[in-house]
Amino acid sequence: CRAGPSLSAFNYDSTYGKKALTMVYRGIMEQDSFPVVPPRCSDNQASIEEFITEAKVALVSVGIIRDATVCNGKVAGKLSGRIVDADMHDVARFLNRLLGLAPDIQNRLFDLFISILDVVLHNARREGQLDSGIVDIKGKNIELKEPPKTVHVDSLSGASTILFTFTIDRGVTWESAKAMLDGRENDGAGSSNDGFYESKREWMGRRHFTLALEGSTEGIYKIIRPAIGEALREMPLSELKGKYRKVSSIDKVSKGWQDEYDVSSKQVMYAWIQMQSWELLYSRKKAAGV
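Counted the way our numbering counts, the sequence shown spans residues 596 to 885.
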């Protein structure tokens with residue numbers, strides 16, 4: 596089942612934007628090479644190194660690079676420091692801090708981010724993984740709760756907007772969650788931080804359990820919960836460890852996980868999903884010659 600389209604293509608703070616920002620920062624910190632030549636640089640390594648130096652100074656000045664020091668020895672004069680995990684994927688903070696920079700370096704950093712974002716989007720499109728703005732409504736069981744209702748008819752085109760109401764079961768049983776983790780471990784694809792976690796704080800009178808599995812970006816984890824399955828937002832390792840503690844006792848996790856799954860199956864959560872009617876979609880396809 597799908598809902599959309601949305602304006603996510605204009606939202607830099609997306610999965611693709613976070614990945615692009617990580618690549619920007621890793622390039623500036625010289626942990627990886629840039630996938631593109633930075634703005635106003637040539638393929639000459641000296642021009643790229645000059646840009647990196649300017650970028651480091653700029654990011655230090657706005658507090659993104661912390662604990663900055665000037666190196667001695669073979670790399671005397673080179674600026675070093677660190678970018679905390681929470682900032683590595685924080686697109687909103689990056690864009691906000693750019694406003695505090697001089698226009699020249701501000702524009703070059705933003706152009707670099709956009710150029711790398713284009714590469715990320717191109718790769719996702721080539722691999723058939725690009726989210727085109729259509730939102731998948733995922734669940735192990737999706738049922739139409741009641742007949743569709745027409746809530747609006749456009750006076751000019753005659754196109755209808757129809758409300759569809761679904762019941763969706765997104766829960767994940769203990770057996771399914773354990774199988775996910777076992778599969779990763781058997782394939783040798785997991786990281787040392789993969790596993791089951793327990794919340795450090797109580798919420799609604801109880802602690803909650805989650806399964807964390809490292810995604811395609813190092814240090815960023817997919818979060819699976821008993822009640823809702825895989826969360827839409829991935830979580831940096833620093834945030835994961837700040838909110839949860841890893842649990843090694845399978846007995847404790849299995850009981851807590853299954854209890855939470857059973858409780859959630861008796862509760863109802865509501866969400867509004869706006870969907871356009873097939874009539875409107877068809878009129879667009881017809882106009883486009885599809």
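In this text, a Cβ means the ideal position worked out from N, Cα and C, and glycines have one as well.
Item                                                                                                                                              : Value
When you compare only the Cα positions, how much space is there between Arg-621 and Ser-750?                                                      : 52 Å
What are the boundary residues of the beta strand (DSSP E) that Lys-817 is part of?                                                               : 815–820
With DSSP as the reference, label Lys-744 as helix, strand or coil.                                                                               : strand
Could you name the residues that DSSP lists as bridge partners for Glu-793?                                                                       : Phe-804, Arg-840
Which two residues bound the contiguous beta strand (DSSP E) that contains Arg-677?                                                               : 674–677
Kindly identify the DSSP beta-bridge partner or partners of Val-665.                                                                              : Leu-674
Residues bridged to Gly-824 by DSSP?                                                                                                              : Arg-820
Specify the secondary structure class of Glu-722 as computed by DSSP and reduced to three states.                                                 : coil
Expressed to the nearest angstrom, what Euclidean distance is found between the alpha-carbon atoms of Asp-685 and Ile-678?                        : 11 Å
Between the alpha carbons of Thr-648 and Leu-694, how many angstroms are there, rounded?                                                          : 19 Å
With respect to the beta strand (DSSP E) encompassing Phe-761, which residues constitute its N-terminal and C-terminal limits?                    : 761–764
Measuring only the C-alpha atoms, how far is Leu-776 from Gln-701?                                                                                : 43 Å
Using CA coordinates, which residue listed in Ser-833, Gly-837, Tyr-816 is at the minimum distance from Leu-827?                                  : Tyr-816
Excluding five sequence neighbours on each side, which residues of the same chain lie with their C-beta closer than 8 Å to the C-beta of Phe-605? : No answer about Phe-605 holds up, because its pLDDT of 46 lies below 50 and its placement is not dependable.
Could you please give the first and the last residue of the uninterrupted alpha helix (DSSP H) stretch that includes Thr-610?                     : 610–623
Would a C-beta distance cut-off of 8 Å place Gly-837 and Phe-804 closer than the cut-off?                                                         : no
By the three-class DSSP mapping on this structure, what secondary structure does Pro-831 have?                                                    : strand
Between which residues of its own chain and Thr-760 is the CB-CB distance below 7 Å, once the five residues before and five after are set aside?  : Lys-740, Glu-741
What first and last residue would you give for the alpha helix (DSSP H) that runs through Ile-757?                                                : From DSSP, Ile-757 is part of no alpha helix (DSSP H) but of the beta strand (DSSP E) over 755–758.
Return helix, strand or coil for Asn-702, following the three-state DSSP convention.                                                              : helix
Determine the DSSP secondary structure at Asn-736, reduced to helix, strand or coil.                                                              : strand
In angstroms with no decimal places, state the Cα-to-Cα distance between Ala-807 and Phe-708.                                                     : 28 Å
Exposed or buried, which one is Glu-855 when buried takes at least 16 other CB atoms within 10 Å?                                                 : buried
If you draw a straight line from the C-alpha of Leu-758 to the C-alpha of Val-748, how long is it?                                                : 12 Å
Just mark Thr-745 as buried or exposed, buried being the case when its beta carbon has 16 or more other beta carbons within 10 Å.                 : exposed
Suppose you measure from the CA of Ile-737 to the CA of Glu-770; what does that come to, to the nearest Å?                                        : 21 Å
Mind checking Ile-572: buried by the 16 CB within 10 Å criterion, or exposed?                                                                     : With the chain represented from 596 up to 885, any question about residue 572 goes unanswered, as that position is not in the structure.
What separation, rounded to the nearest whole angstrom, lies between the Cα atoms of Val-767 and Arg-820?                                         : 7 Å
Assign Ala-697 to buried or exposed, taking buried as 16 or more other Cβ atoms, counted over all protein chains shown, within 10 Å of its Cβ.    : exposed
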